[in-house]
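Quick note: the sequence shown, position 650, residue 945 per my numbering, numbers continuous.
Quick notes on the structure that follows.
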Amino acid sequence: MATETNPLLDFSGLPRFPEIQPEHVTPAVEQVLAQGRAVIERVERSAPPPTWETVVQPLEDANERVSRVWGPVAHLNAVMNTPRLREAYNANLPRITQYHAELGQNRVLFEKYKAIQASPAFQRLTRAQRRVVENEIRDFRLGGAELPDEARARFLAIQERLAQLQSRFSDNLLDATNAFAYYASEEEVAGIPEDVLAAAWEAARQEGKSGWKFTLHMPSYLPVMQYAHARPLREAMYRAYVTRASDLGPQALDNTPLIREILKLRAEEARLLGFASYAELSLQTKMARSPAEVLDFLQELAAKAKPFAERELAELREFAARELKLEHLEAWDLAYASEKLRLARYAFSEQEVKQYFPDTRVLAGLFRLVETLYGVRIQSAQAPVWHPDVKFFRIFSENGELVGQFYADLYARPSKRGGAWMDDAITRRRLPTGVQVPAAYLTCNFSAPQGGRPSLLTHDEVITLFHEFGHGLHHLLTRVDEPGVAGINGVEWDAVELPSQFMENFCWEWGVVEPMSGHVDTGEPLPRSLFDKMRAARNFQAGMQTVRQLEFALFDMRLHHDFDPEREDFMELLHQVRRQVAVVFPPAYNRFPHSFSHIFAGGYAAGYYSYKWAEVLSADAYSLFEEHGVLSPEIGRRFRDEILAVGGSRPALESFVAFRGREPRIEALLRHSGMIAETA
Ligand code: ZN
296 MATETNPLLD
306 FSGLPRFPEI
316 QPEHVTPAVE
326 QVLAQGRAVI
336 ERVERSAPPP
346 TWETVVQPLE
356 DANERVSRVW
366 GPVAHLNAVM
376 NTPRLREAYN
386 ANLPRITQYH
396 AELGQNRVLF
406 EKYKAIQASP
416 AFQRLTRAQR
426 RVVENEIRDF
436 RLGGAELPDE
446 ARARFLAIQE
456 RLAQLQSRFS
466 DNLLDATNAF
476 AYYASEEEVA
486 GIPEDVLAAA
496 WEAARQEGKS
506 GWKFTLHMPS
516 YLPVMQYAHA
526 RPLREAMYRA
536 YVTRASDLGP
546 QALDNTPLIR
556 EILKLRAEEA
566 RLLGFASYAE
576 LSLQTKMARS
586 PAEVLDFLQE
596 LAAKAKPFAE
606 RELAELREFA
616 ARELKLEHLE
626 AWDLAYASEK
636 LRLARYAFSE
646 QEVKQYFPDT
656 RVLAGLFRLV
666 ETLYGVRIQS
676 AQAPVWHPDV
686 KFFRIFSENG
696 ELVGQFYADL
706 YARPSKRGGA
716 WMDDAITRRR
726 LPTGVQVPAA
736 YLTCNFSAPQ
746 GGRPSLLTHD
756 EVITLFHEFG
766 HGLHHLLTRV
776 DEPGVAGING
786 VEWDAVELPS
796 QFMENFCWEW
806 GVVEPMSGHV
816 DTGEPLPRSL
826 FDKMRAARNF
836 QAGMQTVRQL
846 EFALFDMRLH
856 HDFDPEREDF
866 MELLHQVRRQ
876 VAVVFPPAYN
886 RFPHSFSHIF
896 AGGYAAGYYS
906 YKWAEVLSAD
916 AYSLFEEHGV
926 LSPEIGRRFR
936 DEILAVGGSR
946 PALESFVAFR
956 GREPRIEALL
966 RHSGMIAETA
């Protein structure tokens with residue numbers, strides 16, 4: 296297929312979505328990877344001394360072309376999935392992965408990057424360029440490129456074994472989850488919502504069984520725990536859930552040996568690279584400076600949150616005894632009693648709230664807010680799209696210059712992956728011909744407009760939209776000229792959620808919510824009394840939720856820092872952590888670690904703290920707005936200039952301090968969660 300007829304190989308502007316066909320994928324990937332490898336070879340042979348122009352620039356160009364081909368393919372695979380496209384995607388994914396893996400292990404290139412950093416010319420590079428070089432060197436090192444041959448072989452063997460173990464960990468968990476079912480009788484199902492019951496009834500019928508089939512998958516498990524009046528049913532479900540993939544079930548699915556081996560191998564990997572613990576290794580790509588800093592942070596937060604958690608638990612116990620006749624609140628009663636208490640305190644329905652948030656009004660309100668804060672203008676525009684529901688917008692600066700553009704694909708459809716996310720389509724960079732304007736995809740799964748009525752959003756969905764838009768602004772309002780550190784690229788892992796969580800705060804401001812609400816039939820704004828109830832419910836059991844998150848985060852951090860997997864028992868460590876921070880103590884048979892996929896199968900090892908860390912940053916950043924008025928254009932411009940515009944071109948802590956005038960503090964998060972007295 297000729298280049299000029301393959302739309303994936305046209306990099307002159309926005310992707311030509313309507314023309315992209317599955318048969319374009321393989322030839323485009325082959326061509327761009329062949330070109331990339333040719334560039335790598337040329338750079339390897341380039342005459343010394345290595346410079347930005349002879350090494351970094353050509354590699355950045357080549358990598359950008361790879362992502363300009365693969366980006367639209369991966370995007371379409373996620374939002375317009377068809378069997379043919381999926382086949383093309385899966386056939387080419389290993390090639391893309393292989394290309395990046397080769398690059399990360401290329402020692403000739405690694406030496407050249409180090410030589411650039413050591414050269415006098417390095418100091419004459421821009422801040423962003425220096426950061427690109429530094430990040431590359433860091434990643435080469437963490438990828439084992441610096442190790443002597445024998446150690447390097449061991450390092451790669453560990454990586455491979457870890458990948459297997461982690462994948463088996465989640466397979467075991469899934470198999471153990473699927474292995475359990477409970478067929479409930481009519482007396483047992485009282486209290487469970489109708490739609491859940493209908494699904495459970497249908498599931499039992501499909502197996503030719505009588506009664507209602509409940510499983511350990513969330514959509515079935517959670518409503519049982521929250522609503523089933525039958526205590527023995529809740530207990531049976533709870534026990535099955537918290538012993539999944541453990542020594543209390545079938546040996547073939549027991550994750551205990553996997554956890555031990557994973558921890559041992561991670562510790563060995565860290566030692567090979569010269570770190571005292573896996574936690575130290577993990578923090579190399581994060582904002583937190585040391586495991587000790589993270590542990591201090593978690594313990595400080597725990598000390599503040601625990602009294603609130605204790606009080607909430609006492610209230611819950613009292614309510615359960617008085618209203619539900621549950622004298623001893625057991626682990627399987629917590630969700631049930633909490634749901635009853637929540638309803639008793641803050642009765643309002645999501646259905647009622649939704650009527651006030653037609654998506655078009657919400658979007659207009661969001662744009663007005665962003666225009667006020669950051670001095671930009673957002674305009675609807677035309678571009679080639681992949682589905683008629685997709686909208687396209689352009690962002691202009693104060694002086695009318697086009698600075699960014701984005702697609703908003705808001706509605707669920709069968710061909711679209713679930714969830715909500717922001718992804719980059721084009722990254723900003725300075726070219727000889729001028730600035731390449733960045734572009735972003737904003738993808739959500741709201742319900743589509745029906746029968747001439749607009750899509751109505753729940754308040755949670757409004758928050759989701761603001762969150763993803765925050766990521767989008769980080770990508771689009773960047774002023775960095777090097778794609779490697781422009782927008783969200785190169786931002787430390789535990790700071791990436793700052794701009795997104797920051798935007799969520801505005802969804803709790805009356806001054807923002809009132810003008811962007813309007814009843815779908817009458818146009819009336821959201822009643823203040825309803826909004827007040829929503830705000831009150833926001834912090835329901837915030838203390839208990841916080842200490843639970845802290846228990847997970849502390850367990851994760853200590854497991855990867857001061858724990859010896861050869862000699863110590865990880866269950867004992869969990870008990871220790873619980874004695875320190877928890878208010879709820881589960882039964883002895885609880886095997887939480889055996890299903891802790893975030894750290895044993897996902898990317899959160901020695902990183903679970905990031906959730907709270909980023910929340911502290913976003914709440915503290917927002918508190919400067921609270922001090923100056925939440926719609927302050929002056930503070931908005933400062934946020935844009937010091938956080939959004941600089942992206943990964945400097946350390947996140949430096950950006951935070953430049954914006955806030957000091958290092959982050961936890962008070963604002965505590966206040967937003969109702970865990971501190973309002974300051975005057
Ligand atoms: Zn996010």
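Note that the Cβ used here is the ideal one computed from N, Cα and C, for glycine as well.
| query | result |
| --- | --- |
| How many angstroms separate the CA atom of Arg955 from the CA atom of Arg932? | 13 Å |
| Go to Gln731, then tell me how far its beta strand (DSSP E) extends in each direction, as first and last residue. | Gly729 to Gln731 |
| Per DSSP, what are the beta-bridge partners of Pro653 in this structure? | Leu751 |
| Sorry if obvious, but does the Cβ on His769 come closer than 7 Å to a heavy atom of ligand 1? | no |
| If you check the beta carbons only, do Lys601 and Val842 fall under 8 Å apart? | yes |
| Looking at the secondary structure, which residues open and close the alpha helix (DSSP H) in which Trp365 lies? | Gln352 to Val374 |
| Give me whichever residues DSSP pairs with Trp507 in a beta bridge. | Ala479 |
| Taking the Cβ atom as the reference point for each residue, do Glu482 and Ala452 lie within a distance shorter than 8 Å? | no |
| Once the 5 residues before and after Pro310 are set aside, which same chain residues still bring their CB inside 6 Å of it? | Pro367 |
| Given Lys599, which residues of its chain have a CB within under 8 Å of its CB, disregarding the five upstream and five downstream residues? | Ile961, Leu965, Met970 and Ile971 |
| If you follow the alpha helix (DSSP H) that Ile453 is in, where does it begin and where does it stop? | Asp444 to Ala474 |
| Judging by CA-CA distance, which residue of Val878, Arg886 and Val879 is the nearest neighbour of Glu867? | Arg886 |
| Here's the rule I'm using: 16 or more other beta-carbon atoms within 10 Å means buried, otherwise exposed. How should Gln844 be labelled? | buried |
| To the nearest angstrom, report how far apart Gly897 and His370 are at their CA atoms. | 22 Å |
| Give me the Cα-Cα distance between Val780 and Glu696, rounded to the nearest whole angstrom. | 22 Å |
| Using only alpha-carbon positions, find the residue among Trp507, Gly503, Gly486 and Ser480 that is nearest to Ala493. | Trp507 |
| Within the same chain, show all residues whose beta-carbon is closer than 6 Å to that of Arg637, passing over the 5 residues directly before and after it, in chain order. | Phe835 |
| Collect the residues with a C-beta less than 6 Å away from any heavy atom of ligand 1 and give them in sequence order along the chain. | His762, His766, Glu792 and Ser795 |
| Excluding five sequence neighbours on each side, which residues of the same chain lie with their C-beta closer than 8 Å to the C-beta of Val732? | Leu697, Val698, Gly699, Gln700, Ile721 and Arg723 |
| Taking one C-beta from the stretch 793–807 and one from the stretch 763–780 each time, how about it: are there three or more such pairs within less than 8 Å? | yes |
| From Val665 to Pro345, what distance separates their C-alpha atoms? | 43 Å |
| Measuring CA to CA, which of Pro527, Pro586, Gln594 and Asp470 is closest to Ala485? | Pro527 |
| Examine the Cβ distances between the stretch 673–684 and the stretch 620–629 and report whether three or more of them are shorter than 8 Å. | no |
| Which complete alpha helix (DSSP H) runs does the stretch 815–893 hold, if anything under 4 residues is left out? | 823–833, 837–854 and 865–876 |
| Taking a contact to mean a Cβ-Cβ separation below 8 Å, would you say Glu564 touches Phe475 in this structure? | no |
| Whole angstroms are fine: how far does the CA of Pro514 sit from the CA of Glu846? | 25 Å |
| Buried or exposed: Glu949, going by 16 or more other Cβ atoms within 10 Å of its Cβ? | exposed |
| With a CB to CB cut of under 8 Å and the five nearest residues on each side skipped, what residues in its chain are close to Glu929? | His923 |
| With H, G and I counted as helix, E and B as strand and the rest as coil, what does DSSP make of Ser918? | helix |
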